[in-house]
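Trainee: Questions regarding the structure given below will be posed in turn.
In my numbering, the protein residues as written are 2 to 355.
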């Protein structure tokens with residue numbers, strides 16, 4: 002009797018990608034195809050970002066401009082105006098998507114993202130306080146990291162069960178996020194008008210006036226963290242079956258969760274440090290990646306690619322659509338992500354999780 006006749010659905014064949022002698026990663030064909038499609042879309046949106054608009058680089062000159070042969074207006078656009086902005090957008094979106102995938106895997110909850118559980122707001126508050134009290138002396142990214150760590154400590158303590166109870170996690174995270182937002186708004190109000198205007202754009206999530214230094218920061222963090230996420234990817238997949246099963250299979254769920262949370266905090270805080278608390282990329286990217294492939298698991302690489310695509314697309318809309326008129330890109334992602342968050346909340350409530 003065939004599997005079709007019995008109603009049993011066989012899993013699609015997997016190949017194993019080996020990195021050295023100790024890392025073996027199962028690879029599904031649908032995941033590879035999805036990654037290729039996402040990459041092509043990301044390249045297309047990147048080309049549109051550099052070529053559209055009054056200051057856009059003509060397509061005939063774009064390849065030469067990207068490889069260092071730009072002159073005049075094209076050199077200004079690629080080196081100062083849109084080049085750093087695009088590279089920061091790709092890196093920041095990738096970091097947020099990866100951070101969201103790690104948190105959602107650890108909490109086994111689609112709402113367990115840095116946006117919902119207070120990490121992004123805590124990082125924003127830390128960055129704002131640093132800008133107010135130590136202008137030009139302490140890096141904003143360091144303040145964002147400290148704020149993110151403090152926010153996660155508060156969430157961990159206030160739930161009473163760490164990250165294990167999804168409902169308590171969401172409630173505690175919303176409370177911590179509200180505190181972080183209040184602190185940020187107070188700092189904006191307390192600062193001088195000119196500095197407050199700059200900070201206001203930053204705390205809403207902005208990619209304008211980004212520099213190659215910002216691009217270097219986010220990409221160094223992303224490339225440094227990526228190998229560690231690769232090492233724990235298989236353990237995270239096993240951990241989604243439950244701590245008891247993961248322990249029985251020798252996956253050490255506690256250590257794996259701790260490592261994943263630390264990596265997620267570093268990624269999210271770095272993203273906030275260079276671009277501000279851009280909302281909902283970390284929430285939506287992992288869910289989109291999971292729904293496209295239709296398979297279980299954290300989908301770390303696909304989540305990073307999806308996050309990069311979403312942020313570049315949102316920034317393209319912010320630059321080119323009259324409706325947004327150069328608004329901070331975080332407002333664009335907030336408008337889309339708020340609807341998606343409402344959908345997730347209703348679905349989780351119907352399932353009895355909330």
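By construction, the Cβ of each residue, glycine as well, lies at the ideal position given by its N, Cα and C atoms.
For a test of the three-state rule: what should DSSP assign to residue 29, helix, strand or coil?
Mentor: strand
Trainee: In three-state DSSP terms, what is residue 278?
Mentor: coil
Trainee: Excluding the five sequence neighbours on either side, which residues of its own chain have a C-beta within less than 7 Å of the C-beta of residue 105, listed in chain order?
Mentor: If we look at residue 105 and ignore the five residues flanking it on each side, its Cβ neighbours are 111, 113, 114 and 287.
Trainee: In this structure, how does DSSP classify residue 89 when only helix, strand and coil are distinguished?
Mentor: helix
Trainee: For the candidate residues 303, 136, 128 and 133, whose alpha-carbon lies nearest to that of residue 151?
Mentor: 128
Trainee: Can you tell me whether residue 47 is helix, strand or coil according to DSSP?
Mentor: helix
Trainee: For residue 216, which residues in the same chain have their Cβ closer than 7 Å to its Cβ, ignoring the five residues on either side in sequence?
Mentor: 85, 88, 89 and 92
Trainee: Could you name the residues of the same chain whose beta carbon sits closer than 7 Å to that of residue 319, not counting the 5 residues immediately before and after it, in chain order?
Mentor: 325, 327, 328, 330 and 333
Trainee: Sorted by chain position, which residues of the same chain lie with C-beta nearer than 8 Å to residue 229's C-beta, five sequence neighbours on each side aside?
Mentor: 260 and 264
Trainee: For the alpha helix (DSSP H) that contains residue 75, what are its first and last residues?
Mentor: 73-77
Trainee: Quick one: residues in its chain with C-beta nearer than 6 Å to the C-beta of residue 298, no 5 flanking neighbours on either side, listed in chain order?
Mentor: Cβ within range, chain order: 238.
Trainee: Since I believe residue 96 is in contact with residue 222 (beta carbons under 8 Å), could you give me their beta-carbon distance rounded to a whole number of angstroms?
Mentor: 7 Å
Trainee: For residue 83, is the classification buried or exposed, using 16 other Cβ atoms within 10 angstroms of its Cβ as the cut-off for buried?
Mentor: buried
Trainee: Would you check if the distance between the CB atom of residue 116 and the CB atom of residue 284 is smaller than 8 Å?
Mentor: yes
Trainee: Keeping to the same chain, check which residues put their C-beta closer than 6 Å to that of residue 100; ignore five residues upstream and five downstream.
Mentor: 115, 265, 268, 269 and 283
Trainee: Considering only C-alpha positions, which residue in the set 98, 304, 218 and 236 is nearest to residue 255?
Mentor: 236
Trainee: Is it true that the region 142-150 meets the region 118-133, where meeting means three or more beta-carbon pairs spaced less than 8 Å apart?
Mentor: yes
Trainee: Measure from the alpha carbon of residue 159 to the alpha carbon of each residue in 118, 182, 122 and 192, then state which is nearest.
Mentor: For residue 159, the closest alpha carbon among the candidates 118, 182, 122 and 192 is that of 118.
Trainee: Spatial neighbours of residue 42 within its chain, please: C-beta separation below 6 Å, excluding the five flanking residues on both sides.
Mentor: 310
Trainee: Mapping the DSSP letters down to three states, classify residue 215 as helix, strand or coil.
Mentor: Here residue 215 sits in helix by DSSP.
Trainee: Hey, out of 57, 156 and 184, whose CA is closest to residue 172's CA?
Mentor: 156
Trainee: Where do the N-terminal and C-terminal ends of the alpha helix (DSSP H) with residue 152 fall, by residue?
Mentor: 141-160
Trainee: For residue 224, does the three-state DSSP call read helix, strand or coil?
Mentor: Helix, per DSSP.
Trainee: So is residue 30 buried or exposed if we call it buried at 16+ other beta carbons inside 10 Å?
Mentor: exposed
Trainee: With distance defined between alpha-carbon atoms, name the residue in 204, 305, 191 and 161 nearest to residue 181.
Mentor: 204
Trainee: Grouping DSSP H, G and I as helix and E and B as strand, with all else coil, what is residue 116?
Mentor: coil
Trainee: Would you mind sorting residue 304 into buried or exposed? The rule is 16 or more other CB atoms within 10 Å of its CB.
Mentor: It counts as buried.
Trainee: Under three-state DSSP, which class holds residue 129?
Mentor: helix
Trainee: How is residue 100 classed by DSSP in three states: helix, strand or coil?
Mentor: In the structure shown, residue 100 adopts helical secondary structure according to DSSP, grouped into three states.
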